[in-house]
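> First the structure, then my questions, so here it is.
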Amino acid sequence: MTTLPDSLEDERVLTMTLDGNAVTFTEGETLYEVASRQGKRVPTLCYDDRLKAFGACRLCVVQVEGMRAPVASCATLATDGMVAHTTTEAIEKYRRTLLEMVVSENRSLDVNPLSGYASQELVALVDRYEARTGRFAGKKSGTSNVEDTNPFILRDYDNCISCYRCVRVCAEQEGDYAINVMGRGFGTQIITEFNHRLKDSQCTFCGQCVQTCPTGALGDRKALRDADTEGEIKKTRSICPYCGVGCSVDLLTKGDKLVGVQPAMDGPANEGALCIKGQFAFDFVQHSDRLSKPMIRREDGELHECEWDEALEFAASGFRKVRDRYGRQAIYGVASGRAPHEAAYTMQKFIRASFGTNYIDNCSRA
Ligand code: SF4
Ligand code: SF4
Ligand code: FES
Numbered sequence: 397m398t399t400l401p402d403s404l405e406d407e408r409v410l411t412m413t414l415d416g417n418a419v420t421f422t423e424g425e426t427l428y429e430v431a432s433r434q435g436k437r438v439p440t441l442c443y444d445d446r447l448k449a450f451g452a453c454r455l456c457v458v459q460v461e462g463m464r465a466p467v468a469s470c471a472t473l474a475t476d477g478m479v480a481h482t483t484t485e486a487i488e489k490y491r492r493t494l495l496e497m498v499v500s501e502n503r504s505l506d507v508n509p510l511s512g513y514a515s516q517e518l519v520a521l522v523d524r525y526e527a528r529t530g531r532f533a534g535k536k537s538g539t540s541n542v543e544d545t546n547p548f549i550l551r552d553y554d555n556c557i558s559c560y561r562c563v564r565v566c567a568e569q570e571g572d573y574a575i576n577v578m579g580r581g582f583g584t585q586i587i588t589e590f591n592h593r594l595k596d597s598q599c600t601f602c603g604q605c606v607q608t609c610p611t612g613a614l615g616d617r618k619a620l621r622d623a624d625t626e627g628e629i630k631k632t633r634s635i636c637p638y639c640g641v642g643c644s645v646d647l648l649t650k651g652d653k654l655v656g657v658q659p660a661m662d663g664p665a666n667e668g669a670l671c672i673k674g675q676f677a678f679d680f681v682q683h684s685d686r687l688s689k690p691m692i693r694r695e696d697g698e699l700h701e702c703e704w705d706e707a708l709e710f711a712a713s714g715f716r717k718v719r720d721r722y723g724r725q726a727i728y729g730v731a732s733g734r735a736p737h738e739a740a741y742t743m744q745k746f747i748r749a750s751f752g753t754n755y756i757d758n759c760s761r762a
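Using this note's numbering, you'd call the opening residue of the sequence shown number 397 and step up by one each time.
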């Protein structure tokens, strides 16, 4: 008898019943993954599909026949023959009550979408479940840390719901462990080591915590500079210009103005990750110092506009002077990591053939 290799046996198709229908899945899939694939709208708050399941918010609960209490679908594996219900009246009531407990703590649900990629998740669920915000009003957790005046990340923990997505993305995705959780219950607080400012911690300002926060407690300070700028926010898919990795980004614009950058969660090279440059370093695009015409610094020390031919001849004579005075190895070429093959080929040819040196490199390193 022919036996299947282990990898194929691991992927054998299993069957369960979901909301009355037989559905198939493979071993290792969670109930949430199976339900999502079937188009079920199971609500989540502490879930980010790039991270390990955490099971903190309990919003994704489903009823499994034979189990006494509802289970968190994001943290429960589907098993062969299982019978589960995602949307019973009792489950929906349970979710609504949980949401009402969560939002009773939040100072505000009116969060600007420029705050971050996931910043509207909580308010969207409150609207969907028509949850009452003041039902459990009383003691609150989370102390705002707006005195952390770094230019990139707003830390407004009055809106924190202790989902720990920020802490987990920092550890699991970035490997930075810059932030953690201190205290329990109403004393819970997201902090850096010794509660210093982010700039004095292990933080690399990658912005991952900002983009996964479902409440706007962490906000993109650079994008929020344009919170009051007129116009709809438009997203345009593009590629980060900085290095050879080629991370996918969504550029946020209002009218003609670039107001922010968000990582593309489905970007094949980055899967939602960005570094500080791709995330925050976009002011050069509209900076008044940006050159839009060729210029030459004349004898008066000032830059003056000129024609392209003159600028190219000026640059060529500068190269010749360096070569004649210091030798060919005084010239070193660095090509852009984002240049296409043809441009990279031309650049190395230019350095090797024109100057007779192999001092040529590119910046394709993150
Ligand atoms: S910006 Fe990046 S490194 Fe800094 S705390 Fe957030 S996830 Fe961690
Ligand atoms: S700051 Fe945001 S992501 Fe972090 S625990 Fe609070 S709500 Fe969750
Ligand atoms: S999304 Fe499953 S417990 Fe939070």
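Backbone N, C-alpha and C fix where the C-beta goes; we use that ideal spot for every residue, glycine too.
Check whether the Cβ of Cys643 lies closer than 6 Å to any heavy atom of ligand 3, and answer yes or no.
no
> Please confirm whether any heavy atom of ligand 2 lies closer than 6 Å to the CB of Ile557.
yes
> With DSSP as the reference, label Lys653 as helix, strand or coil.
strand
> Look up Pro664 in the DSSP assignment and say whether it is helix, strand or coil.
coil
> Verify the contact flag: Cys609, CB atom, against every heavy atom of ligand 2, threshold strictly below 6 Å.
Within the cutoff, so yes.
> Rounding to the nearest angstrom, what Cα-Cα distance links Phe590 and Leu521 in this structure?
34 Å
> Please report the straight-line C-alpha distance between Asp544 and Ile557, rounded to a whole angstrom.
20 Å
> Buried or exposed for Thr440, please, with buried defined as at least 16 other CB atoms from any protein chain shown within 10 angstroms of its CB.
buried
> Would you report the Cα separation of Leu410 and Glu501, rounded to the nearest angstrom?
42 Å
> Is it right to say Leu455 is buried, meaning 16 or more other beta carbons lie within 10 angstroms of its own, or is it exposed?
buried
> Can you give me the start and stop residues for the alpha helix (DSSP H) that Leu708 sits inside?
Segment 704-722, the alpha helix (DSSP H) holding Leu708.
> Which residues in the same chain as Cys470 place their Cβ atom closer than 7 Å to its Cβ, once the five residues preceding and following it in sequence are excluded?
Excluding positions up to five away in sequence, the list reads Thr426, Tyr428, Thr440, Tyr443, Ala449, Gly451, Cys456.
> Would Asn555 be called buried (16 or more neighbouring beta carbons within 10 Å of its own) or exposed?
buried
> According to the Cβ coordinates, are Pro610 and Leu518 closer than 7 Å?
yes
> Using only CA atoms, which one of Lys618, Cys643, Tyr490 lies nearest to Leu654?
When only C-alpha atoms are compared, the closest one is Lys618.
> Reducing DSSP to helix, strand and coil, say where Phe421 ends up.
strand
> Assuming Asp523 is part of the alpha helix (DSSP H), what are its boundary residues?
517-525
> Ligand 3 heavy atoms versus the CB of Cys562: any closer than 6 Å?
No; taking the cut-off as 6 Å, the Cβ of Cys562 has no heavy atom of ligand 3 nearer than that.
> What separation, rounded to the nearest whole angstrom, lies between the Cα atoms of Tyr560 and Trp704?
So the two alpha carbons sit approximately 54 Å from each other.
> Tell me the rounded alpha-carbon separation between Thr632 and Pro509.
15 Å
> In chain order, what residues of the same chain lie with their CB nearer than 6 Å to the CB of Val507, ignoring the 5 residues before and after it?
Leaving aside the five residues that flank Val507 on each side, the residues in its chain whose CB is nearer than 6 Å to its CB run, in chain order, Ser515, Gly612.
> Please report the straight-line C-alpha distance between His737 and Val641, rounded to a whole angstrom.
14 Å
> Ends of the beta strand (DSSP E) at Val457?
457-460
> Mind pulling the beta strand (DSSP E) runs of 3 or more residues that sit fully within the segment 572-652?
575-578, 585-588, 614-616, 630-635, 644-650
> Use the C-beta contact count for Tyr741: other C-beta atoms within 10 angstroms, 16 or more gives buried, fewer gives exposed.
exposed
> Rank Met661, Lys745, His700 by C-alpha distance to the C-alpha of Leu687 and give the top, closest one.
His700
> Decide yes or no for the touch test of the segment 720-733 against the segment 744-756: beta carbon pairs closer than 8 Å, at least 3 of them.
yes
> Give the single residue among Phe678, Ala480, Lys536, Glu628 whose Cα lies nearest to the Cα of Arg464.
Ala480
> Which of helix, strand or coil does DSSP assign to Leu687?
coil
> Which residues bound the alpha helix (DSSP H) around Arg433?
427-433
> Confirm the yes/no value for this check: CB of Tyr443, any heavy atom of ligand 3, distance under 6 Å.
yes
> Could you tell me whether any non-hydrogen atom of ligand 2 is closer than 6 Å to the CB of Ala486?
no
> Since Thr584 and Ser597 are thought to touch, with beta carbons under 8 Å apart, how far apart are those beta carbons, to the nearest angstrom?
With a Cβ gap of about 19 Å, Thr584 and Ser597 do not count as contacting.
> Should Ala567 be listed as close to ligand 2, given that the test is whether its C-beta is under 6 Å from any heavy atom?
no
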